[in-house]
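Peer 1:
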């Protein structure tokens, strides 16, 4: 059974706060404040940018209330203390009673939902968990119940995007946002309208997507017209343009996640990306079987080996592993690896829409 | 003129309604408390049940029609047994035997878990572990063989500790096979468990028994060897007949694993 907020194991932050006045100024101008976690992610521009954008993306094709409930279910499924706290507080701020939130947390509200809503919750949970990834029939079932393709893509990005934040927060052991948790307390009820207004102002409902896509174009294509498409494209471009880790390692990390989650589409895509980097098919296959490659240095070999642990994990173990990696490898490299693994888990989950 | 009987009737109805509503409210509150208590109990039960059965299985059992459909899965089975343990348990003090055995299980479990495997059953001094049974694991065969090598190393360390305590040392035999198993809830209404069955398990157990005949500790089948890359040093052994198979089985002794990250070793 998924854990409750107080049951989630959560360690001390793994990455230090790295002051970056320019970045902090930019965040402050957008959010009015700079959360601690954004300061800890500041050494890797594309990671911090994605962490700033992803949590603010709103679904545009289904009711916002469904997104809020879905986010709680996903955070709970991924046992992310950071995102769980935010999702639970958000539900409170938007008027959900503690009784109802308790029912959602304990999966008791399912009895009160209709088939369509219940299928939505199940899809959120199954895709977030991905043990294994939901089969195509589950996507077809959503369609049969009345969701159209755009809505399904919107929901899929919502789940996958939250999985990105869940992993980023868990692998870095980000301290929970105590402020929002405190503000959602009943005795602060008078502040709720103000907070809701502010949260609505932060929300992102559109990100232009007008350039050609170079990484995972088919994934971006299924999200075209949705804010998630633009956000994901920017994150992918940033990730592959960054030179902290080698492109070979990044492609192999995506391939490891694709192989574990049995995403045929992403496996083919990563093989093609590897070929573009000059990695022959046999060398690519061997690297995936042995989780090693002569093209990677010892630091990168450790990161590649660790990638398979980012799919299903226990918080205490994965946080301890990341902490250990930061003691052996430059923490900036580890931070980028955390971002890449989170992004790979996102892309491969969206790949469920491309399964034949 | 005031209509007294009507007024009295209205007051009586109001009072009675008030009493009825209060009683209903008390009843609802009691029922809610009962529901909370039942939920708490159910949650505790689910958490405890989770120690014996995978989460997905519990969800299937508690939702929908409450059944778990058996499924076939490709897994890698590792069967480990202690050589000469029966004799040791006869000769040694029961407390020593249990303590030695518990120390052994603890160490082996650590190694198996580290290599993404799960101990499914403890059969006396035997260990039945699965790789790739609970979630998809494309590296399940390599994981199982690495776990076996890790168990060999861990046993060397444990034997040193046992020697220092003047306790009997242990000797291990491991058989590994890859194939299809049936995963499901098995048993009767009164006593059932989540388990795996199939020839794959029997073959792993019989291959383990061959370790005694060949006087070596880790044996794998052809199905396992085919999936191993050049880092694993294996030596083929004479085909040997085993129960349940028409043809003698080809097995390989796993000598060691080269660390691909240390190029000098491979030379």
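Protein chains in written order, with my numbering: chain A, 1191 to 1546; chain B, 79 to 345.
For every residue, glycine included, the Cβ atom is placed at its ideal position computed from N, Cα and C.
The structure displayed is predicted, hence computed values, not measured ones.
Kindly list the residues whose CB is nearer than 6 Å to the CB of residue 211(B), restricted to its own chain and excluding five residues on each side of it in sequence; keep chain order.
Peer 2: 153
Peer 1: How about residue 1502(A) and residue 1357(A): do their beta carbons lie closer than 9 Å?
Peer 2: no
Peer 1: Would you say the stretch 1343-1355 of chain A touches the stretch 1263-1270 of chain A, given that touching needs at least three Cβ pairs under 8 Å?
Peer 2: yes
Peer 1: Residue 1286(A) to residue 240(B), Cα distance in whole Å?
Peer 2: Whole-angstrom Cα-Cα distance: 60 Å.
Peer 1: Quick one, are the C-beta atoms of residue 296(B) and residue 336(B) less than 9 Å apart?
Peer 2: no
Peer 1: Leaving out the 5 sequence neighbours to the left and right, which residues in its chain are closer than 8 Å to residue 1522(A) when beta-carbon positions are compared?
Peer 2: 1233, 1234 and 1434
Peer 1: I'd like to know whether the C-beta of residue 1214(A) is nearer than 9 Å to at least one C-beta of chain B.
Peer 2: no
Peer 1: On a CA-only basis, which of 175(B), 82(B) and 220(B) is nearest residue 192(B)? Give me that one, please.
Peer 2: 220(B)
Peer 1: Can you check whether the C-beta of residue 220(B) is within less than 9 Å of a C-beta belonging to chain A?
Peer 2: Yes, residue 220(B) lies at the interface with chain A (some Cβ there is under 9 Å from its Cβ).
Peer 1: Tell me which residues share the same chain as residue 1220(A) and place their Cβ nearer than 8 Å to its Cβ, disregarding the 5 neighbours each side in the sequence.
Peer 2: 1242 and 1392
Peer 1: From residue 161(B) to residue 209(B), what distance separates their C-alpha atoms?
Peer 2: 23 Å
Peer 1: Give me the residue from 1211(A), 1410(A) and 1526(A) with the minimum Cα distance to residue 1231(A).
Peer 2: 1526(A)
Peer 1: Pick helix, strand or coil for residue 214(B), following the three-state DSSP scheme.
Peer 2: Residue state for residue 214(B) is assigned as coil, using DSSP reduced to three classes.
Peer 1: So, using beta-carbon positions, are residue 232(B) and residue 284(B) closer together than 9 Å?
Peer 2: no
Peer 1: Using a Cβ-Cβ distance under 9 Å, would residue 214(B) count as near chain A?
Peer 2: yes
Peer 1: Output the residue ranges of the alpha helix (DSSP H) runs that lie fully inside the stretch 1408-1444 of chain A and measure 4 residues or longer, sorted by chain position.
Peer 2: 1417-1431
Peer 1: What would DSSP say about residue 196(B), mapped onto helix, strand or coil?
Peer 2: strand
Peer 1: Spatial neighbours of residue 187(B) within its chain, please: CB distance less than 7 Å, with the 5 preceding and 5 following residues excluded, ordered by chain position.
Peer 2: Scanning its chain for C-beta atoms nearer than 7 Å, with the 5 sequence neighbours on each side dropped, one finds around residue 187(B) the residues 197, in chain order.
Peer 1: What span of residues does the alpha helix (DSSP H) with residue 1499(A) cover, start to end?
Peer 2: Per DSSP, residue 1499(A) belongs to no alpha helix (DSSP H) and is neither H nor E.
Peer 1: Which one of 1249(A), 1207(A) and 1199(A) has the shortest CA to CA distance from residue 1507(A)?
Peer 2: Out of 1249(A), 1207(A) and 1199(A), 1199(A) has the C-alpha closest to the C-alpha of residue 1507(A).
Peer 1: Is it buried or exposed, residue 1325(A), if we count other Cβ atoms within 10 angstroms and call 16 or more buried?
Peer 2: exposed
Peer 1: Looking at chain B, is there any beta carbon in it that lies within less than 9 Å of the beta carbon of residue 1479(A)?
Peer 2: yes
Peer 1: Buried or exposed, going by whether 16 or more other CB atoms sit within 10 Å of the CB of residue 1207(A)?
Peer 2: exposed
Peer 1: Thinking just about the alpha-carbon of each residue, which of 1477(A), 1518(A), 1406(A) and 1469(A) is nearest to the one in residue 1536(A)?
Peer 2: 1406(A)
Peer 1: Apart from the five residues on each side of it in sequence, which residues of its chain come closer than 8 Å, Cβ to Cβ, to residue 1449(A)?
Peer 2: Excluding its 5 nearest sequence neighbours in each direction, residue 1449(A) has C-beta neighbours in its own chain below 8 Å: 1457 and 1478, listed in chain order.
Peer 1: Residue range of the beta strand (DSSP E) that residue 159(B) falls in?
Peer 2: 149-160
Peer 1: Under 9 Å between C-beta atoms, does residue 1476(A) make it to chain B?
Peer 2: yes
Peer 1: Would you decide whether residue 1471(A) is buried or exposed? Buried here means 16 or more other CB atoms lie within 10 Å of its CB.
Peer 2: Label assigned to residue 1471(A): exposed.
Peer 1: At which residues does the alpha helix (DSSP H) containing residue 1307(A) begin and terminate?
Peer 2: Element bounds for residue 1307(A): 1305-1319.
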